[in-house]
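Below is one structure; the comments refer to it alone.
Numbering (this note's numbering), first residue to last: 9 to 407.
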């Protein structure tokens, strides 16, 4: 049993991932950890030894089949089991298995936060020359808001994620698609039946993977005395210490209600007059730096279509007050066909990014609600959600 001192940014999931443990292993050794919503820097955890997976060789087994079944490499199995032969595996022999491996840069190591996203973008841009990166502006707390650009085609497509803080699973989902896209492009391979070379030549993809980084950090890590908004956030949250339900930015403004599309009617509908975890539209449209930066970036790039990723519901909203072009309905049907999501004609909602985009440009815009359940969605759903996101974007670029 070793001691570990909690650092800023640590969560149970992040520590477990870095130490090869499960969250339950850590909680069993530190029962108090399940009674508080967040770890506090300086706390000491007791970490048990990392348990090893084991496997009993079955008749007909080969090393490559075992490696494939447990998502690891043959060489890694041999390193952990000195003396075994890759050609002869005695039936009944118990093998010690290394951790599963997934090739690639974008990985879930607990909650996927702003720091990991920035590092992943840096590594992707360094490894794949087809990627261009930059910033659209800054958050309230001064975090740069990165964008990723891929492609040289005349059809421009915009994608944004994590407008709502507790919907942060949309960020690693679109980040994984970015990596798989450029990896397939560089290797000359198809992606789930699609041709990335065609995408690259015909489309320019613009992605803002985390619009609300301050809010995401709040949901994932909580706050402690010394945070510049500690007193206000605690008050706005009803003195609750748990912020996992929080949707707004760090000002308590819901960025999903910040856009100039019948904003005044949304204010009346919501009824929120002061900062809140959700649904407070602010004092006017685009008062918040994140929303203003996203709108300015959209105006600058003038996309032919836009997707805003949210969670949850497995639905695709494609209309807005009859401002949408006639092809929007059919496009939503195609996107729903490849993903299994349900196209929905939504009424009674204003001031969202998709609403503003459709109203301003009269071009196809979509809000995609990924996954099912309660936000934040469980990490166990990530693989399926990231595939859903990829298929939707792949189909949109292919239309």
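For every residue, glycine included, the Cβ atom is placed at its ideal position computed from N, Cα and C.
- [ ] With DSSP collapsed to three states, give me the class of residue 289.
- [x] If you number the chain shown from 1, residue 289 lands on position 281. Here residue 289 sits in coil by DSSP.
TODO: Output the boundary residues of the alpha helix (DSSP H) element that contains residue 306.
DONE: For the purposes of this step, residue 306 is identified with residue 298 of the chain shown, where counting begins at 1. Residue 306 -> alpha helix (DSSP H) spans 297-309.
TODO: Please check the pair residue 227 and residue 317, which I expect to be a contact at CB under 8 Å, by giving their CB distance rounded to whole angstroms.
DONE: Within the chain shown, residue 227 is the residue found at index 219, counting from 1. Within the chain shown, residue 317 is the residue found at index 309, counting from 1. Actually they do not touch by this definition, with Cβ atoms about 16 Å apart.
TODO: List the residues that DSSP assigns as beta-bridge partners of residue 324.
DONE: Within the chain shown, the letter at position 316 stands for residue 324. Looking at the DSSP assignment, residue 324 forms a beta bridge with 351, 376.
TODO: Keeping to the same chain, check which residues put their C-beta closer than 7 Å to that of residue 215; ignore five residues upstream and five downstream.
DONE: Looking up residue 215 in the chain shown gives position 207. 155, 156, 167, 182, 186, listed in sequence order.
Task: Cβ neighbour criterion (16 or more within 10 Å) applied to residue 48 - done: Locating residue 48 in the chain shown gives position 40, where the first residue counts as 1. Answer is exposed; the Cβ neighbour count stays below 16.
TODO: Can you say whether residue 334 is buried or exposed, counting buried as having 16 or more other CB atoms within 10 angstroms of its CB?
DONE: For the purposes of this step, residue 334 is identified with residue 326 of the chain shown, where counting begins at 1. By the C-beta density criterion, residue 334 is exposed, having fewer than 16 other C-beta atoms within 10 angstroms.
TODO: Pull up the distance between the alpha-carbon of residue 75 and that of residue 28, whole angstroms please.
DONE: Taking the chain shown and counting its residues from 1, the one referred to as residue 75 is at position 67. Taking the chain shown and counting its residues from 1, the one referred to as residue 28 is at position 20. Roughly 18 Å separates the two Cα atoms.
- [ ] Spell out a yes or no on whether the segment 280-289 and the segment 202-211 are touching, meaning 3 or more CB-CB pairs, one atom from each, closer than 8 Å.
- [x] no
Open item on the list: Going residue by residue through the segment 30-110, where are the continuous beta strand (DSSP E) segments of at least 3 residues, counting only ones entirely within it?
Closed with: 52-55, 61-64, 102-105
TODO: Give the DSSP-derived three-state secondary structure of residue 221 in the structure shown.
DONE: Residue numbering aside, residue 221 sits at position 213 when the chain shown is read from its first letter. Looking at residue 221 - three-state DSSP - the assignment turns out to be helix.
TODO: For the alpha helix (DSSP H) containing residue 398, list its first residue and its last residue.
DONE: Position 390 of the chain shown, counted from the first residue, corresponds to residue 398. First-last of the alpha helix (DSSP H) with residue 398: 390-406.
Open item on the list: At the level of alpha carbons, what is the spacing between residue 42 and residue 32?
Closed with: As a first step, residue 42 is located in the chain shown; it is residue number 34 there, counting from the start. As a first step, residue 32 is located in the chain shown; it is residue number 24 there, counting from the start. Distance from the CA of residue 42 to the CA of residue 32, rounded to the nearest whole angstrom, comes to 9 Å.
Open item on the list: Checking the sheet assignment: what are the DSSP bridge partners for residue 318?
Closed with: To locate residue 318, count along the chain shown from 1; it is residue 310. For residue 318, which the question treats as bridged, DSSP gives the partners 377.
Task: First and last residue of the uninterrupted alpha helix (DSSP H) at residue 367 - done: As a first step, residue 367 must be located in the chain shown, where it is residue number 359. From DSSP, the alpha helix (DSSP H) with residue 367 extends over 361-369.
Open item on the list: What would DSSP say about residue 146, mapped onto helix, strand or coil?
Closed with: On the chain shown, position 138 is the one that residue 146 refers to. Note: residue 146 maps to strand in three-state DSSP.
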